[in-house]
């Protein structure tokens with residue numbers, strides 16, 4: 010049986026945060042690959058790309074330079090940026106989520122379990138489609154009353170309960186959410202199978218410690234003074250659209266949080 014030190018991810022965003030320009034470079038590379046671009050194709054202007062990804066032109070230029078250093082794109086004076094002649098293998102080759110800079114995405118619970126060889130199961134307490142509240146619509150950038158998929162479930166690693174999750178997602182981004190059995194299927198894997206795919210790329214993430222409520226004690230099988238860690242995550246897709254709002258309540262003895270802060 011695993012010890013508490015080995016149970017859960019040290020923050021679902023991964024151990025080392027990436028600079029913004031590297032995140033943008035990864036998103037641009039995914040878009041290039043997803044759109045079937047070919048060597049010699051011209052990219053939109055830097056101004057257009059900066060607007061698309063919601064960053065400054067300085068950040069966008071740094072992202073382009075990073076891809077240029079990897080021989081994926083190249084610049085032509087007064088003409089702009091083009092997909093490099095030798096880029097086809099770099100664009101189409103599968104990339105390890107823990108590999109080179111620019112390739113990471115937001116890591117889900119099931120992703121972590123698979124990566125580290127844990128068995129995983131879930132108990133869905135309820136799932137439903139309902140109208141978004143005004144507060145939810147503001148955070149998820151949907152209209153008040155828009156269809157929202159909501160789910161509450163317990164999740165286990167090696168048959169030990171670890172976390173109580175409350176997920177809310179705009180149904181319009183992935184209608185199949187309403188018909189998926191999440192006692193067996195992964196939420197992030199379902200999002201990746203959407204049409205078009207919804208790829209969690211970056212997230213706002215906060216954690217606080219507190220004492221559990223009586224309901225949380227019962228659901229998380231807490232019988233002593235163990236605190237809970239409450240993690241709130243707002244994940245964004247490849248188009249910088251809010252994708253998932255989740256509040257996850259972890260047993261404090263089965264979760265570790267670690268992050269790096271970059272300038």
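Numbering (the working numbering), first residue to last: 10 to 272. Idealized CB from N, CA, C, for every residue including glycine.
Three or more beta-carbon pairs separated by less than 8 Å link the region 243-257 to the region 199-217, which places the two stretches in contact. In the three-state reduction of the DSSP assignment, residue 185 falls in the helix class. With respect to the 8 Å criterion, residue 219 and residue 236 are classified as neighbours on the basis of their beta carbons. With contacts defined by Cβ atoms closer than 8 Å, residue 88 and residue 131 do not form a contacting pair. Pairing residue 254 with residue 177 gives a Cβ-Cβ distance under 8 Å. When secondary structure is reduced to three states using DSSP, residue 241 falls in the strand class.
Closest in C-alpha terms to residue 214, from the list 226, 239 and 221, comes 239. Around the C-beta of residue 64, 16 or more other C-beta atoms lie within 10 Å, and the residue is accordingly described as buried. Within its own chain, the residues whose Cβ lies closer than 7 Å to the Cβ of residue 139, once the five positions on either side in sequence are excluded, are 157 and 159, listed in chain order.
At least 8 Å separates the beta-carbon of residue 196 from that of residue 187. A check of alpha carbon separations from residue 175 across 243, 33 and 77 identifies 243 as the nearest. Beta-bridge partners of residue 129 (DSSP): 166. Secondary structure of residue 74 (DSSP, three-state): helix. In terms of CA proximity to residue 54, 69 leads the group 69, 29 and 141.
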